[in-house]
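Peer 1: My structure is below; once you've seen it, I'll send some questions.
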């Protein structure tokens, strides 16, 4: 079923591009596709890379950064202290992570670690 859905997104995208390069609709479709629960993450990734051939952002060349083991360990410890509502200790751990060149963004899905 999702192969047909994937093909439908591809066709609609090409229709928008063929319609005088209707980029606003093409981008809106890309956003809609990324939020479609009927598609797997792998299918979404494939479609995004396909669509990126038109956008030219070279998303396929972006390297996924490896987070050091120690930073992951600190992040997990911080998350535990947050769950225990030990806010001052959690802030100390966040500061330690920042000293090592990383930041933590707290999201509803959990912490996201980024290099500063």
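Numbering (full-length UniProt numbering), first residue to last: 1 to 116. Virtual Cβ for every residue (Gly too), placed ideally from N, Cα, C. Here the structure is a predicted model, which is why all the values come from computation and not from measurement.
1. Please say whether residue 39 and residue 14 have beta carbons closer to each other than 8 Å?
2. List the residues that DSSP assigns as beta-bridge partners of residue 112.
3. Kindly indicate which three-state DSSP category residue 75 falls into: helix, strand or coil?
4. Suppose contacts are defined by Cβ-Cβ distances below 8 Å. Is residue 49 in contact with residue 57 by that definition?
5. Inspect the beta-carbon positions of residue 17 and residue 8 and report whether they are closer than 8 Å.
6. To the nearest angstrom, how far is it from the Cα of residue 114 to the Cα of residue 63?
7. Distance check for residue 51 and residue 36, CA to CA, integer angstroms please.
8. Consult DSSP for residue 21 and reduce its assignment to one of helix, strand or coil.
Peer 2: In brief:
1. no
2. 105
3. helix
4. no
5. no
6. 13 Å
7. 16 Å
8. coil
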